[in-house]
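Chains as they are written, first to last, in my numbering: chain A, 136 to 646; chain B, 136 to 646; chain C, 136 to 646; chain D, 136 to 646.
4 protein chains.
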Amino acid sequence: MGVEYHVAKNGSDLGNGTKQDPFLTINKAASVAVAGDTVIVHEGVYREWVKPKNPGFSGWRRITYRAAEGEKVIIKGSEQIQNWEKLEGSVWKAVIPNEFFGEYNPFKEELYGDWIVYNPGRHLGDVYVNGKSFYEAENFEQVVNPVVKTEVLDHWTNKIVAPHNPEQMKYVWYAEVDENHTTIYANFHNYNPNEELTEINVRKCCFYPEKTGMDYITVQGFEMAQAATPWTPPTADQPGLIGPNWSKGWIIEDNIIHNSKCSGISIGKEISTGDNYFTKRKDKPGYHYQLETVFAAGKIGWSKEKVGSHIIRNNIIYDCGQNGIVGHLGCIFSEVYNNHIYNIAIKREFYGHEIAGIKLHAAIDTQIYDNRIHDCSLGLWLDWQLQGTRVSRNLFYRNNRDLFVEVSSGPYLIDHNILTADYALDNHAQGGAYINNIIRGKMVHRKMLDRSTPYHEPHSTDVKGISVVYGGDDRWYNNIFIGDDELEGVGTSHYHGYTTSLEEFIETVQR
Amino acid sequence: MGVEYHVAKNGSDLGNGTKQDPFLTINKAASVAVAGDTVIVHEGVYREWVKPKNPGFSGWRRITYRAAEGEKVIIKGSEQIQNWEKLEGSVWKAVIPNEFFGEYNPFKEELYGDWIVYNPGRHLGDVYVNGKSFYEAENFEQVVNPVVKTEVLDHWTNKIVAPHNPEQMKYVWYAEVDENHTTIYANFHNYNPNEELTEINVRKCCFYPEKTGMDYITVQGFEMAQAATPWTPPTADQPGLIGPNWSKGWIIEDNIIHNSKCSGISIGKEISTGDNYFTKRKDKPGYHYQLETVFAAGKIGWSKEKVGSHIIRNNIIYDCGQNGIVGHLGCIFSEVYNNHIYNIAIKREFYGHEIAGIKLHAAIDTQIYDNRIHDCSLGLWLDWQLQGTRVSRNLFYRNNRDLFVEVSSGPYLIDHNILTADYALDNHAQGGAYINNIIRGKMVHRKMLDRSTPYHEPHSTDVKGISVVYGGDDRWYNNIFIGDDELEGVGTSHYHGYTTSLEEFIETVQR
Amino acid sequence: MGVEYHVAKNGSDLGNGTKQDPFLTINKAASVAVAGDTVIVHEGVYREWVKPKNPGFSGWRRITYRAAEGEKVIIKGSEQIQNWEKLEGSVWKAVIPNEFFGEYNPFKEELYGDWIVYNPGRHLGDVYVNGKSFYEAENFEQVVNPVVKTEVLDHWTNKIVAPHNPEQMKYVWYAEVDENHTTIYANFHNYNPNEELTEINVRKCCFYPEKTGMDYITVQGFEMAQAATPWTPPTADQPGLIGPNWSKGWIIEDNIIHNSKCSGISIGKEISTGDNYFTKRKDKPGYHYQLETVFAAGKIGWSKEKVGSHIIRNNIIYDCGQNGIVGHLGCIFSEVYNNHIYNIAIKREFYGHEIAGIKLHAAIDTQIYDNRIHDCSLGLWLDWQLQGTRVSRNLFYRNNRDLFVEVSSGPYLIDHNILTADYALDNHAQGGAYINNIIRGKMVHRKMLDRSTPYHEPHSTDVKGISVVYGGDDRWYNNIFIGDDELEGVGTSHYHGYTTSLEEFIETVQR
Amino acid sequence: MGVEYHVAKNGSDLGNGTKQDPFLTINKAASVAVAGDTVIVHEGVYREWVKPKNPGFSGWRRITYRAAEGEKVIIKGSEQIQNWEKLEGSVWKAVIPNEFFGEYNPFKEELYGDWIVYNPGRHLGDVYVNGKSFYEAENFEQVVNPVVKTEVLDHWTNKIVAPHNPEQMKYVWYAEVDENHTTIYANFHNYNPNEELTEINVRKCCFYPEKTGMDYITVQGFEMAQAATPWTPPTADQPGLIGPNWSKGWIIEDNIIHNSKCSGISIGKEISTGDNYFTKRKDKPGYHYQLETVFAAGKIGWSKEKVGSHIIRNNIIYDCGQNGIVGHLGCIFSEVYNNHIYNIAIKREFYGHEIAGIKLHAAIDTQIYDNRIHDCSLGLWLDWQLQGTRVSRNLFYRNNRDLFVEVSSGPYLIDHNILTADYALDNHAQGGAYINNIIRGKMVHRKMLDRSTPYHEPHSTDVKGISVVYGGDDRWYNNIFIGDDELEGVGTSHYHGYTTSLEEFIETVQR
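Structure, rendered in structure tokens:
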């Protein structure tokens with residue numbers, strides 16, 4: 136029933152991977168483990184990007200990566216830097232040869248891609264003292280004299296709000312990269328960076344296969360942090376700190392995931408179906424490229440048989456710049472439950488139209504339940520081709536906005552959730568049933584008559600047709616509205632040209 | 136190399152089909168001929184709906200149906216009626232038991248379906264004296280006193296025009312169908328119907344398989360006429376007087392085809408991908424159902440491998456109520472050349488948005504050349520998903536409008552045609568190259584910003600994306616404008632976001 | 136929620152189909168009913184082939200055809216004949232004009248097609264007195280002097296057995312068809328056929344759409360009988376007395392189905408994917424054509440989205456010549472339960488390798504349970520691509536053989552069945568789990584090393600690979616063997632190269 | 136029409152890539168060039184693995200990488216080593232920190248995978264002095280005393296032959312890799328390695344995208360050499376020194392390609408469709424996994440629309456260990472012409488069943504013509520699913536065997552070739568036409584009755600069916616046999632059950 140490989144900080148990759156003679160790196164185990172095998176990682180900090188080399192075979196013949204029971208295992212995308220030189224005041228600098236970063240230097244890589252609207256060009260690098268992340272300054276001067284704001288703009292609501300953690304804004308860095316070296320300037324204030332745990336992020340991911348199709352892998356019980364992940368719009372490659380990269384049947388459970396520059400867990404698309412072509416080619420609307428991703432994905436096997444069906448449960452995800460969980464297309468038929476997600480995009484270093492605690496596109500038959508989502512600029516955003524999706528028993532609080540449902544024909548079901556934000560709901564879709572929710576804040580309903588999106592055969596990725604969002608055809612039953620805000624545009628009308636009973640509607644989703 | 140079966144009017148279906156012992160019916164031959172065989176039909180009138188029972192195997196191992204060399208063979212959808220009783224004046228009546236019609240009684244079947252806008256409910260029946268068709272009257276009174284108009288509306292141009300043949304309007308019929316009998320009243324004027332060749336149409340088709348997938352069949356050298364074909368919009372089953380019914384690789388050549396109630400040759404879609412659901416269900420726009428047909432067709436194999444690639448050449452087609460040649464989806468990769476098409480929809484008994492000498496949807500990589508098209512209310516209409524299509528060296532004259540290109544992203548090529556109508560061109564598409572044409576009449580160009588249509592991988596039915604028609608990105612070179620009318624909205628701009636050279640453009644189409 | 140149409144023997148097809156003004160024929164209702172509508176048929180015998188013209192839309196928006204509650208509704212494929220002339224002794228003859236039969240004359244149509252091995256060329260006609268079917272004689276002489284056998288060969292077991300009903304063999308007919316007439320001679324013994332209910336079968340089917348894609352139809356509460364159905368091997372068109380003809384989501388329930396010349400209920404394939412090409416073309420093995428049907432079907436949408444998912448329950452099916460239930464490809468994801476099936480192929484007028492109470496090919500994820508199957512030459516035959524199939528709690532008795540599982544890679548599950556035949560089981564497959572069955576008779580296990588068959592992605596029609604049957608890798612637990620016969624070749628070994636736990640195995644099937 | 140980027144040895148990656156301010160690395164240009172752009176590389180040696188980051192858009196809107204006109208540009212997978220220490224005699228050693236190799240150390244990576252039969256476990260490293268490659272020794276002792284053989288086994292013909300270059304065998308290396316260092320021992324004989332151009336291979340590839348779908352790229356005019364490419368069987372990832380990695384529409388022209396450890400140009404498959412699972416899992420035959428790759432590839436878009444259609448022309452390819460050109464599945468619809476291929480697998484360091492000058496699987500509609508192929512252990516091997524393939528006007532000489540055609544149903548065409556080997560032809564297929572060839576040596580014909588392989592719709596990747604190779608059905612016309620050897624098993628019989636005319640046959644291929 137499979138081999139058990141062990142990895143430990145006192146191991147060697149020349150060893151045989153037994154408990155007695157463990158490997159040193161998780162990647163060594165990842166290169167030998169095949170379907171049915173288990174990789175048990177023992178206590179310690181592993182600074183590597185784990186790239187599974189082989190897939191599992193089925194739900195019962197997986198490859199499992201797990202922290203040894205009762206042991207604390209941390210996988211970090213960062214490296215510790217200890218050669219800081221003091222410059223002036225509390226400003227220090229570190230000079231790092233570019234070879235240190237290999238082909239990917241986060242202090243050179245820019246935040247880039249479709250639908251970034253505020254602060255594109257920020258770098259993917261970060262500096263951490265004792266695990267706390269810094270802000271990137273725009274120039275050396277700002278490092279010396281950090282700008283601490285007392286007001287920031289919430290782009291979603293277009294309101295001025297207090298920053299989430301003003302104290303953090305004092306800690307800033309600025310980097311210069313020349314032909315050979317990367318020089319990082321940082322203001323450490325009272326810390327001596329050479330005496331604290333001072334880290335910079337170096338690797339793009341912590342646990343993410345380079346190749347697609349690495350199916351049926353379980354990742355259990357790790358803490359994973361400090362990856363220099365890029366911006367992940369639905370028209371681009373979507374790597375997260377951890378994720379399956381267009382595979383099927385992953386289980387990501389019992390992990391603590393934090394400080395991903397952009398997205399924490401990605402169950403999104405891969406690169407060949409489109410990679411920021413709007414931004415790169417500037418030749419047609421991003422919306423058109425988004426549509427092309429759907430059909431391009433169809434040609435590389437987007438279907439229940441090939442991708443998705445992931446389980447993401449019992450994870451704690453926080454302090455990510457863009458998304459706690461993200462995913463276009465790859466998220467189909469998945470279950471996301473019992474996760475605790477907070478502090479997403481709340482540092483507000485950059486902004487674009489792809490930010491939320493959970494942001495999914497084409498979440499066909501995906502179930503999102505029992506999650507706690509708070510302190511996000513937007514809690515949950517379900518965009519495009521929402522069909523057969525159920526959002527149930529989630530608790531939202533202290534978000535600038537709680538729930539956004541966009542350009543979809545449904546059917547979908549929103550039940551037993553608690554939405555407490557001032558701005559509770561944006562509904563730019565149709566075919567939804569909202570039942571037994573407790574809703575406090577404002578709700579907005581909009582038609583989308585200028586954008587067609589696909590709808591699908593029931594419980595399938597097969598495209599059945601294309602429609603704009605006429606709006607309406609929603610069902611509202613038994614919700615408790617406790618807020619004092621307005622209710623806009625909610626009604627019942629026809630979608631797909633027919634109206635069903637509520638009972639039938641719910642069965643359609645649940646089948 | 137295959138068996139040769141013979142069919143003759145003195146044959147017997149109990150015979151063996153040899154030249155010495157021929158079959159009596161073409162259908163008998165059709166039930167035994169398999170891939171590689173040839174059916175040779177000898178002189179005479181065959182009143183049957185030929186339904187091929189077996190497909191050919193490939194372009195070289197076909198089943199060929201042909202008229203014996205030098206012999207006149209006619210297949211008719213009609214039966215001769217000789218029991219007319221004189222009623223009053225020149226009005227006669229014939230009483231026919233309903234069993235005579237079997238399951239399909241054209242005098243009861245109504246003109247029905249999506250996009251009929253004028254005179255829905257007309258019946259599919261017709262009466263002919265010596266081959267000349269009558270008009271259907273609205274009641275018995277009109278049979279007694281026929282209404283002969285001197286002016287009729289051309290719906291395309293919204294202009295009053297002279298009727299094509301006012302004399303023909305005097306010949307009218309009206310039918311009543313009860314539980315057991317069909318009674319036809321007709322005004323024969325100076326004719327005694329029992330002494331002339333008086334026929335009524337009875338069968339839906341002359342040569343059309345009941346089942347799809349009857350690939351690689353050749354039909355050569357027949358005259359075929361007087362079928363009670365139904366209205367054939369792109370969202371319905373599209374049977375014509377003759378056609379392959381969602382098969383691949385037919386050759387229809389050297390035939391004379393006329394007096395089809397609606398369409399002559401159909402290379403269109405079959406029924407399971409949609410059948411007038413807008414009209415039947417009244418629940419969403421026909422445009423949505425049209426989009427659904429494209430994806431539904433994809434699921435039943437719409438591709439170069441499975442359907443289309445027909446050759447339609449050297450036929451004479453005239454006196455059809457809707458289309459000389461029609462076809463949605465099934466027309467891909469076909470060649471239509473050297474046909475003579477005239478008097479289409481010129482009787483003006485009914486009207487809808489699916490009428491033209493040739494009306495094709497999704498004519499991907501279809502070549503239309505060297506045809507002569509005249510005396511049609513609209514000459515050539517290419518609608519939706521025009522891509523890789525070439526229209527070359529066709530001659531248009533005496534049409535109310537010559538050419539209509541609609542809601543497509545191209546690329547397509549219109550070259551060396553002669554357009555002589557007052558209303559020469561409607562261009563509601565983009566991505567066209569118009570080269571070396573001689574154009575006399577008015578040209579209109581329109582955007583279509585409210586309707587998305589699919590575009591495809593080059594030379595493929597694979598959907599690549601969806602776009603509205605922004606208009607523009609057309610190329611006009613070396614055309615000779617000889618008319619005195621206005622030129623509206625022609626320009627050059629971007630489509631799909633980029634502009635190519637003309638040379639590249641044409642190669643894209645021709646590849 | 137939809138219109139209710141009524142049909143009654145005192146109705147008129149010129150009526151409006153209300154309860155007060157019902158239609159006369161079910162077909163009239165079938166031509167107007169659209170998704171959501173119900174057709175209620177009132178007491179009486181309906182001699183018509185019901186051909187649904189429109190599909191339902193979904194499991195909740197079906198078209199339902201049902202017998203009015205408490206009323207006896209019979210749909211017959213036969214017509215009553217009352218013009219018998221007495222010839223000599225108890226032999227009578229009826230002369231029928233060929234027009235009576237239309238395009239399909241069962242007394243001329245022959246039993247024909249792939250894998251018929253005994254008595255091909257028998258005709259599809261039949262004669263019934265008071266519902267009891269006759270035997271076809273080989274010539275007039277045998278009509279005069281019927282041959283009553285006391286021993287017949289059971290082809291499955293190659294043993295001589297007693298005929299099922301020797302008395303029935305006395306009742307024989309013989310027919311001659313010339314250019315214009317069909318003459319039937321029959322020996323009625325003591326009956327005067329003009330004074331009894333004497334019928335001949337005329338129509339191919341009782342309830343079967345002519346077109347594919349007529350999804351989501353319910354047929355409930357009818358008795359249907361006496362159809363001249365043709366031989367239905369897996370390489371041909373497979374019409375049954377009733378069936379969906381390559382549609383999705385039918386429910387056939389609470390019906391009594393009997394006296395189908397070949398198959399009763401068909402959930403099989405349609406014609407375009409192959410139609411007896413081995414027999415017609417004689418150019419390569421039937422086995423190759425069978426493989427081609429699988430891939431050809433894939434191209435016309437063979438998938439969970441498009442076909443199958445039928446429910447067949449609570450029907451009584453008996454006295455069919457070939458199969459009680461048959462189906463290649465179209466049977467996927469279906470449930471067949473609580474049916475009572477008996478007297479199938481027990482008249483033994485012909486024989487071929489496609490005969491059983493239930494005969495399914497490619498029954499992916501099909502569930503067969505709680506059926507009672509007895510007095511069949513073979514009870515249940517699952518052939519090719521058995522995967523995810525479960526056979527549970529069925530009772531088999533008085534069959535010549537009970538269960539045959541052939542050329543499949545599994546996994547499949549056979550549990551809680553009672554197999555009582557002398558020849559209980561033929562296992563020419565692998566990957567089966569046999570659990571908690573009670574088995575009395577002989578069991579045979581064979582490898583099939585010369586025939587590759589496809590296996591599929593789990594719970595999908597997507598082909599994953601091809602394999603011969605190495606045999607083995609079966610699991611046997613907790614079965615009770617009560618017979619005295621030998622057990623051949625049963626063991627446990629590897630299939631698909633790996634062995635799973637029983638628990639996992641069963642979950643794989645049940646998922 | 137696109138940007139022109141320049142790369143030069145005096146450039147900087149911080150520059151802007153203009154001619155005046157060129158980039159330093161080709162990879163920098165590859166990261167910014169988008170569809171329509173051109174990358175011009177100036178004189179010099181570039182030691183990098185070029186990984187295109189963006190695809191072109193179409194055949195006319197490519198990304199072109201080319202050597203500046205008249206300038207010599209070399210891309211090497213190797214690095215120069217100059218710190219050799221003399222040990223004893225002519226043996227030197229170099230100690231290299233493992234970081235030097237990054238994640239891929241060729242001196243640790245083993246030759247591994249399906250169908251290796253001789254010397255698996257050899258390493259992928261190599262040592263070169265002045266461009267000449269060494270042999271790997273089995274231990275240090277063999278470095279000191281190299282084994283120079285005078286006879287070697289040709290595995291194809293099972294004959295003892297003279298080694299290709301005995302002198303080369305004296306130059307040997309042996310490496311040891313520990314936790315931190317790689318130590319290479321080599322016998323340089325009269326050379327002082329620190330004074331010559333001494334290189335070791337380091338990188339897997341010279342020009343190969345890491346991601347699939349990098350379509351429409353041209354690579355022109357480079358010399359590329361010394362890559363540590365792995366073994367590339369049809370069931371694995373198939374990287375070559377250069378190749379498109381499952382993309383469409385590459386042009387590889389006018390290059391000099393040599394010293395690839397395994398394969399030179401790869402137009403083969405990517406990793407997710409299978410990666411040596413037979414070797415890794417040991418659970419079922421490699422042949423089964425090979426079949427699974429075909430269906431798995433179908434699911435990720437194996438089709439004319441998505442992959443293949445490459446042009447490989449005017450290249451010189453030599454000194455590769457496994458293949459000059461290799462490719463399973465990705466090679467469809469490609470043209471391979473006017474290449475000069477020699478010295479492939481002639482060093483004989485290892486052997487397996489995937490070695491040839493050109494080795495293609497599933498070369499549907501691929502054209503191979505005007506190539507010169509000599510001094511290979513096997514010249515051209517076309518394996519599995521050969522259909523629509525044409526091999527024309529190629530010249531074969533000094534190969535141990537010239538042409539091998541295996542387990543295919545055809546049709547394919549072999550015309551106007553000159554085959555001069557003692558062992559001219561292995562024909563384990565059917566459906567071939569051999570016309571106008573000049574053939575000198577032995578020809579062997581075999582049936583393959585135990586292995587089914589797919590055949591396809593004409594000019595398509597759609598699977599039509601599966602068949603074993605019955606053999607026969609070949610056509611031989613107008614060939615000139617000039618040898619003295621036997622002719623075995625050549626005949627004409629049926630394939631796919633029918634025989635066509637030669638004319639039709641050739642048209643089928645050429646269409």
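Think of the CB as a built atom: it goes at the ideal place given N, C-alpha and C, for glycine as much as any other residue.
When only Cα atoms are considered, Leu222 of chain A and Leu515 of chain A end up about 44 Å apart. If you check each beta-carbon in the stretch 441-455 of chain C against every beta-carbon of chain B, the ones closer than 7 Å belong to Lys441. Per DSSP, Leu426 of chain B is one residue of the alpha helix (DSSP H) stretching across Gly421 to Lys434.
Asp500 of chain B is outside the set of residues whose beta carbon lies under 8 Å from a beta carbon in chain D. Here Phe235 of chain D is exposed, its C-beta having fewer than 16 other C-beta atoms within 10 Å. Counting along the chain, Phe413 of chain B sits inside the alpha helix (DSSP H) bounded by residues Tyr412 to Arg416.
For the stretch 592-604 of chain C, the set of positions with a beta-carbon nearer than 7 Å to some beta-carbon of chain D reads Asp597, Val598, Lys599, Gly600, Ile601 and Ser602 in chain order. In the three-state reduction of the DSSP assignment, Met349 of chain A falls in the coil class, being assigned neither a helical nor a strand state. Put simply, the backbone Cα of Asp557 of chain C is about 11 Å away from that of Leu538 of chain C.
Residue range Ile161 to Val167 is occupied by the alpha helix (DSSP H) that includes Lys163 of chain B, with no beta strand (DSSP E) assigned at that position. Distance from the CA of Gly606 of chain A to the CA of Asn562 of chain A, rounded to the nearest whole angstrom, comes to 9 Å. With fewer than 16 other CB atoms across the displayed protein chains lying within 10 angstroms of its CB, Leu584 of chain C is exposed. Under the Cβ distance rule, Glu470 of chain D does not count among the residues neighbouring chain B, no pair being separated by less than 8 Å.
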